[in-house]
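Each remark here refers to the structure printed beneath this line.
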DNA sequence: GTAAAAGTTGACGTGCACGTCAACTATAGA
DNA sequence: TCTATAGTTGACGTGCACGTCAACTTTTAC
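Protein chains in written order, with my numbering: chain A, 28 to 154; chain B, 28 to 154.
What follows is the structure in structure tokens.
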């Protein structure tokens, strides 16, 4: 686990572009330090980027990713009220994820069915 | 299972807007018949809409949804070559779905961890 | 020291998935 | 028959997530 990363280093590791990292910084998702003018990304930035890209793959907006990542950030101190609210949010978030889970399940099942019919047809009418 | 649906009927059932259904028609995803000027949606349209919205929730583009839905359409006759190609596409598609699956799994695990810490903190420092 | 490579800040462009009028038409119920 | 209700076709607008220059500065390698 390295300590710092350049912009191209990080963007290559996660198959993103520098533009995307700068955009995420504009949106407040990343907070790289500077050495002169050059951005220096920390392991925290790396983790947040990784989580953000994961969220994007699942169809979340960048804003939603930020909210969730901020909320889950372990370095954030919280009082009891905030902790309860976080638990509530986790329940909500879990529910939407489970919905996506079911969507994927349904799609996989449909695909299995199509594949089955496909193989049947191939056996029935070979080339 | 009804035979036909009006545009508002279908859009309400799936929590979409009429605009969305017309847009999907423009994109070639839906093919409603007409009674006069009025669109009449069939069960086939209903199924395709359902699949499309499911795909959208998973982050696919409308174009991708259309391609997949068209490919899987059971009413399409196919020769052996096309059947083999379909099997190939199914494998690919399954792979990307499994990736999303893992993304969700990873996120759920992260959430469990956060929740655990959250409950711990609540016990340690009650209001 | 100098050339190449990497980085920077604007600023405008783009593709997607609709939203949102406007202006009009068709249809069903009182 | 009149009127509300639902539907139609444009056409333009919008929010998001970057892509794509341009013009410039910095850093690294030799």
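Glycine included, every Cβ here is placed at the ideal spot set by N, Cα and C.
Could you check the C-alpha separation between residue i and residue j for me, to the nearest Å?
i                      : j                      : result
residue 139 of chain A : residue 108 of chain A : 47 Å
residue 90 of chain A  : residue 80 of chain B  : 22 Å
residue 132 of chain B : residue 46 of chain B  : 34 Å
residue 35 of chain A  : residue 96 of chain A  : 23 Å
residue 137 of chain A : residue 62 of chain B  : 32 Å
residue 111 of chain B : residue 72 of chain B  : 27 Å
residue 103 of chain B : residue 41 of chain A  : 39 Å
residue 99 of chain A  : residue 28 of chain B  : 44 Å
residue 120 of chain A : residue 143 of chain A : 35 Å
residue 64 of chain A  : residue 33 of chain A  : 12 Å
residue 152 of chain A : residue 135 of chain B : 45 Å
residue 51 of chain B  : residue 147 of chain B : 49 Å
residue 130 of chain A : residue 54 of chain B  : 23 Å
residue 83 of chain B  : residue 59 of chain A  : 33 Å
residue 150 of chain B : residue 124 of chain B : 39 Å
residue 117 of chain B : residue 105 of chain A : 47 Å
residue 101 of chain B : residue 141 of chain A : 8 Å
Going along chain B, which residues have a C-beta under 9 Å from residue i?
i                      : result
residue 113 of chain A : 141, 142 and 145
residue 103 of chain A : Residues of chain B passing the Cβ test: none, with the nearest at roughly 11 Å.
Is the CB-CB distance between residue i and residue j below 8 Å?
i                      : j                      : result
residue 75 of chain B  : residue 57 of chain B  : yes
residue 127 of chain B : residue 85 of chain A  : yes
residue 113 of chain B : residue 114 of chain A : no
CB-CB under 7 Å to residue i, same chain, minus the five flanking residues each way: which ones, in chain order?
i                      : result
residue 31 of chain B  : 67, 68 and 69
residue 122 of chain B : none
According to DSSP, simplified to helix, strand and coil, what is residue i?
i                     : result
residue 47 of chain B : helix
residue 88 of chain B : coil
residue 60 of chain A : strand
residue 69 of chain B : strand
Could you tell me which chain A residues have their CB closer than 9 Å to the CB of residue i, listed as they occur along the chain?
i                      : result
residue 130 of chain B : 81, 82, 84 and 85
Cutting at 8 Å between CB atoms, please list the residues of its own chain near residue i, excluding the five before and the five after it.
i                     : result
residue 38 of chain B : 44, 45, 47 and 48
residue 93 of chain A : 54, 55, 56 and 79
Could you name the residues of chain B that residue i contacts, counting a contact when the two beta carbons are closer than 8 Å?
i                      : result
residue 127 of chain A : 84, 85, 127 and 131
residue 99 of chain A  : 137, 138 and 141
residue 117 of chain A : 138, 141, 142 and 145
List the residues of chain A that residue i touches, going by C-beta distances under 8 Å, in chain order.
i                      : result
residue 74 of chain B  : Residues of chain A passing the Cβ test: none, with the nearest at roughly 10 Å.
residue 121 of chain B : 135 and 138
Residues of chain A with CB closer than 7 Å to the CB of residue i, please, in chain order.
i                      : result
residue 110 of chain B : 145, 148 and 149
residue 134 of chain B : 81 and 124
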